[in-house]
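Residue numbers (my numbering): 99 to 492. We put the beta carbon where it would ideally sit given N, CA and C, even for glycine. All values derive from a computational prediction rather than experimental measurement. The structure appears right after this line, and notes come after that.
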Ligand SMILES: Cc1cc2nc3c(=O)[nH]c(=O)nc-3n(C[C@H](O)[C@H](O)[C@H](O)COP(=O)(O)OP(=O)(O)OC[C@H]3O[C@@H](n4cnc5c(N)ncnc54)[C@H](O)[C@@H]3O)c2cc1C
């Protein structure tokens with residue numbers, strides 16, 4: 099295995115570090131202090147757009163020359179994971195708040211028609227303003243058991259009519275469009291699921307409510323409803339040809355599979371920040387020669403190194419086009435636990451300073467918890483691994 103990166107990628111990593119130090123950390127702390135997501139019109143987002151962030155990976159309509167493409171050279175999985183870790187080190191919540199087609203982009207690239215890519219990803223080629231998109235799967239009664247979603251899609255002439263409710267959807271109320279998972283027939287389970295583009299402002303899409311969160315306050319996690327929400331027939335992801343196709347659930351799950359090493363990298367970034375803060379605190383208070391302090395710091399560093407290696411291995415396998423289901427789940431399950439352990443060790447080291455609630459490690463401790471929940475909880479990763487490693491039945 100080789101996790102080496104070239105000079106150009108090293109430069110990108112340095113650039114991310116600079117942005118993290120000069121902007122991301124402050125914006126994240128501000129959101130945490132105020133207890134609300136970064137507002138859409140915050141200057142930070144304008145800076146993101148000016149820097150060329152928030153763009154799609156789609157290369158543009160056919161016939162567009164590759165040299166016309168903005169946003170730098172394509173990146174492999176390992177460098178994406180390293181950049182993700184670096185951003186999360188400065189603030190994982192801000193990273194998710196960043197503009198861009200984000201979570202649903204992979205689905206649209208894999209399954210969207212050329213016309214859908216142009217309509218929905220086209221505005222992200224060279225965005226004139228911060229733009230967001232989101233993926234809505236989770237419902238009040240369907241989280242881990244994603245096959246149980248109840249949001250329905252019914253064909254009505256040249257339209258689809260959607261009804262249902264979604265919750266905890268990242269960036270939902272600010273998104274230009276929402277990719278919503280729905281079922282054509284709730285009695286038919288996963289094979290009846292399809293995804294639909296719902297554009298902001300579509301009548302029937304509403305009830306946006308930003309949920310309270312213990313951490314990661316920089317981005318919004320939002321509930322919303324669909325009431326007789328009418329979208330064009332060609333808003334079915336993959337086009338009308340997908341109507342008879344039964345892979346809608348698998349495609350949605352692929353998004354989560356691909357995202358697992360990313361959550362692992364988020365976790366390592368959060369943990370690394372806690373380790374550095376713990377070291378700074380120990381130095382400042384002259385604690386480094388105490389066995390209880392050294393023991394905790396060693397444990398933090400060791401656990402993080404283990405999680406990082408698992409995460410990079412999952413990315414390396416993806417770069418080799420080799421199967422990585424077990425490694426992706428393992429990296430996510432282990433790294434999320436490590437982030438919780440490491441931030442908890444940091445809190446122990448702080449003692450009463452941590453209990454005051456105004457130290458960065460205390461914020462990281464709150465941020466880390468969601469890493470074990472999003473994109474498949476730790477238990478669900480263990481179910482997947484058990485199935486793959488020792489062929490336990492579902
Ligand atoms: C900060 C945050 C951001 C999110 N962003 C998004 C988003 O952008 N889009 C989106 O669609 N969703 C999003 N979610 C939702 C997230 O995917 C769900 O919370 C997650 O899938 C768990 O579902 P649940 O909360 O309904 O818990 P449940 O599924 O009800 O699980 C409750 C507990 O039971 C355990 N459990 C459940 N089933 C099993 C089983 N078979 N075996 C063993 N244990 C089990 C779980 O591990 C968990 O501990 C977000 C959630 C959070 C907290």
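- A direct Cα-to-Cα measurement between residue 397 and residue 177 gives close to 26 Å.
- Counting along the chain, residue 452 sits inside the alpha helix (DSSP H) bounded by residues 450-453.
- Looking at the DSSP output, residue 330 sits in a beta bridge with 257.
- Here residue 249 has 262 and 280 as same chain residues with Cβ atoms under 6 Å from its own Cβ, once five neighbours each way along the sequence are excluded.
- Taking C-beta atoms as the reference points, residue 295 and residue 335 count as a pair closer than 9 Å.
- Within 8 Å of the C-beta of residue 468 there is at least one heavy atom belonging to ligand 1.
- Fewer than three pairs of CB atoms, one per stretch, sit closer than 8 Å, so the region 208-217 makes no contact with the region 128-142.
- A contact is defined here as three or more CB-CB pairs under 8 Å, and the region 429-445 meets this definition with respect to the region 471-479.
- Annotation: residue 191 to residue 271 spans about 16 Å, alpha carbon to alpha carbon.
- According to the DSSP assignment, residue 459 belongs to the alpha helix (DSSP H) that extends over 458-467.
- Residue 276 carries a strand assignment under DSSP once its states are collapsed to helix, strand and coil.
- DSSP, reduced to helix, strand and coil, places residue 160 outside both helices and strands of the structure shown, so it counts as coil.
- Looking at the DSSP output, residue 232 bridges to 276.
- DSSP places residue 248 in the coil class of the three-state scheme, outside both helix and strand.
- Under a 10 Å Cβ-count criterion, residue 445 is classified as buried, with 16 or more other Cβ atoms of the shown protein chains found around its own Cβ.
- For ligand 1, a non-hydrogen atom lies closer than 8 Å to the CB of residue 472.
- Going by DSSP, residue 295 is part of the beta strand (DSSP E) stretching over 291-297.
- Residue 225 counts as buried, since at least 16 other C-beta atoms from the protein chains shown sit within 10 angstroms of its C-beta.
- The count of Cβ pairs closer than 8 Å, one atom from the region 461-472 and one from the region 385-395, stays below three, leaving the stretches out of contact.
- For residue 304, the enclosing beta strand (DSSP E) has its first and last residue at 303-308.
- DSSP lists 323 as the beta-bridge partner residues of residue 263.
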